[in-house]
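Working notes, structure below.
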Amino acid sequence: MKQEGKTLTELMVVAAIIGMVAVTAVPSYSVLNSRTQVRCVTEEIASELRLARQLAIAHRDRVRIVIDREQQAFTIQFVNTATTHHAYHYGGKGIFIEEPSAGPEIVFHPSGRSASATTIQLHGLEGQTQKLTVSITGRVSLL
Amino acid sequence: MKRTIKNEGFSLIEVMVAMVIAGVALVGTLGAVEVSSKHVQQGALTSKAIELVQSRLEAKRSVRWQSLLEDDLDHDEVPETLMTDDGQGSDRTAGDGIYTAMYERDGMTLVWMIEAERPGPLYSTAMVTIRAVVSYPGLNGQKREVQAATIRANPYFVGPR
């Protein structure tokens, strides 16, 4: 009797191919989610920066935002009165922030202008990047 | 003439094995679809959250100062939500100058508050902080939060700050 069937090796190859297809499919879903997550956190941070600028204008004081990447926090402080207004924590939000281009501090003057133009790069867990810029005039924009 | 009938088909066993394999593959595919739809839903919730927060701030920034505490969430020109001062600690009658309101939909809880610079009625304060926080369930059960804040000056304020 002649047996024409598939060998175990052939079956294994098929199973491996199916497995590989499945593996390539799975991370793309979290990319979907991660992109909106990065966008959302960036919007939140932009909102914090805009609030800091408004505080500088309203209180006629310089306002400093210190980005502590180890504590994963943004601290908003008044420079002249040396008081901390509040802190924003981005830990656990699935995001990583690069050192801003003009150092870890952003200062807004009472005129609303920023001390130096800064670009902040944010990275998601799946490698998405989002850019946030503070122009010399104090405008905060998402790129 | 001799006729030979050749039966070239699949046996019942073979067909059943094929069906079982197809079934397993289908279950796996359905699982993948479910996972992806969960992720897409989560993404939609996240976008919705930031949108809700920002629209609330925008609404509070643009409304007349006299109706700062009123909200028209269903857009029928009649404000139906009134932000209230929930008092200091357990004393509900003592105002602490923090007015809050809450709104729940699709598993998302939106809380927005107006905080006067100093305790007292809103017309006597120079500036208010407007804050909105939305919390919604994350993918693995933990709570996610999105928040934003802004400040607004009282246009009727007279006097030193």
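These protein sequence lines are chains A and B, in that order. The opening residue of the first sequence carries number 0 in numbering that gives the first Met the number 0; numbering runs sequentially from there. The opening residue of the second sequence carries number 0 in numbering that gives the first Met the number 0; numbering runs sequentially from there. Every residue, glycine too, gets a C-beta built ideally from N, C-alpha and C. In this text, all values refer to a predicted model and were calculated from it rather than measured experimentally.
Contact under 8 Å by Cβ, residue i with residue j
{"i": "P78 (chain B)", "j": "D84 (chain B)", "result": "no"}
{"i": "L68 (chain B)", "j": "I97 (chain B)", "result": "no"}
{"i": "I129 (chain B)", "j": "R143 (chain B)", "result": "no"}
{"i": "E104 (chain A)", "j": "V65 (chain A)", "result": "yes"}
{"i": "T136 (chain A)", "j": "R112 (chain A)", "result": "yes"}
{"i": "T99 (chain B)", "j": "M82 (chain B)", "result": "yes"}
{"i": "M101 (chain B)", "j": "E116 (chain B)", "result": "no"}
{"i": "Q41 (chain B)", "j": "L121 (chain B)", "result": "no"}
{"i": "V110 (chain B)", "j": "V52 (chain B)", "result": "no"}
{"i": "T35 (chain A)", "j": "S46 (chain B)", "result": "yes"}
{"i": "V106 (chain A)", "j": "L48 (chain A)", "result": "no"}
Option nearest residue i by Cα separation, candidates the options
{"i": "V78 (chain A)", "options": "A:L54, A:L10, A:Q36, A:H122", "result": "A:L54"}
{"i": "E69 (chain A)", "options": "A:L7, A:G4, A:G90", "result": "A:G90"}
{"i": "I96 (chain A)", "options": "A:G126, A:T83, A:V106, A:A116", "result": "A:G126"}
{"i": "L121 (chain A)", "options": "A:H85, A:C39, A:I16", "result": "A:C39"}
{"i": "A147 (chain A)", "options": "B:M15, B:L44, B:V23", "result": "Outside the displayed span of chain A (0 to 142) sits residue 147 (chain A), for which this structure offers no information."}
{"i": "S123 (chain B)", "options": "B:L25, B:P159, B:K47, B:A48", "result": "B:P159"}
{"i": "V22 (chain A)", "options": "B:V34, B:W64, B:V62", "result": "B:V34"}
{"i": "V145 (chain B)", "options": "B:G27, B:L56, B:T28", "result": "B:L56"}
{"i": "E43 (chain A)", "options": "B:Y155, B:N153, B:A148", "result": "B:A148"}
{"i": "G136 (chain B)", "options": "B:K37, B:V157, B:I4", "result": "Strictly speaking, residue 136 (chain B) in this sequence is Pro, with Gly absent from that position. Measuring from the Cα of P136 (chain B), the nearest candidate turns out to be B:K37."}
{"i": "K143 (chain A)", "options": "A:E98, A:S110, A:L50", "result": "For residue 143 (chain A) there is no data in the structure shown, the boundaries of chain A being 0 and 142."}
{"i": "L50 (chain A)", "options": "B:A48, B:R60, B:L44, B:A43", "result": "B:R60"}
Helix, strand or coil at residue i [DSSP, three-state]
{"i": "E98 (chain A)", "result": "coil"}
{"i": "K130 (chain A)", "result": "strand"}
{"i": "R63 (chain A)", "result": "strand"}
{"i": "E114 (chain B)", "result": "strand"}
{"i": "I4 (chain B)", "result": "coil"}
{"i": "L121 (chain B)", "result": "helix"}
{"i": "M126 (chain B)", "result": "strand"}
{"i": "L67 (chain B)", "result": "coil"}
{"i": "Q71 (chain A)", "result": "coil"}
{"i": "T6 (chain A)", "result": "coil"}
{"i": "I119 (chain A)", "result": "strand"}
{"i": "H84 (chain A)", "result": "strand"}
{"i": "S113 (chain A)", "result": "strand"}
{"i": "I135 (chain A)", "result": "coil"}
{"i": "V133 (chain B)", "result": "strand"}
Alpha helix (DSSP H) segment containing residue i, residue limits
{"i": "A100 (chain B)", "result": "Note, A100 (chain B): premise wrong, no alpha helix (DSSP H); beta strand (DSSP E) at 97 to 104."}
{"i": "H38 (chain B)", "result": "11 to 61"}
Contact belief for residue i with residue j at Cβ below 8 Å, rounded distance in angstroms
{"i": "G93 (chain A)", "j": "S33 (chain A)", "result": "7 Å"}
{"i": "H108 (chain A)", "j": "A114 (chain A)", "result": "7 Å"}
{"i": "L124 (chain A)", "j": "T41 (chain A)", "result": "Incorrect: roughly 14 Å between the Cβ atoms, too far for contact."}
{"i": "Q171 (chain A)", "j": "H58 (chain A)", "result": "No answer is possible for residue 171 (chain A): the residues shown for chain A start at 0 and end at 142."}
Unbroken beta strand (DSSP E) run spanning residue i, endpoints
{"i": "R151 (chain B)", "result": "142 to 152"}
{"i": "F107 (chain A)", "result": "104 to 107"}
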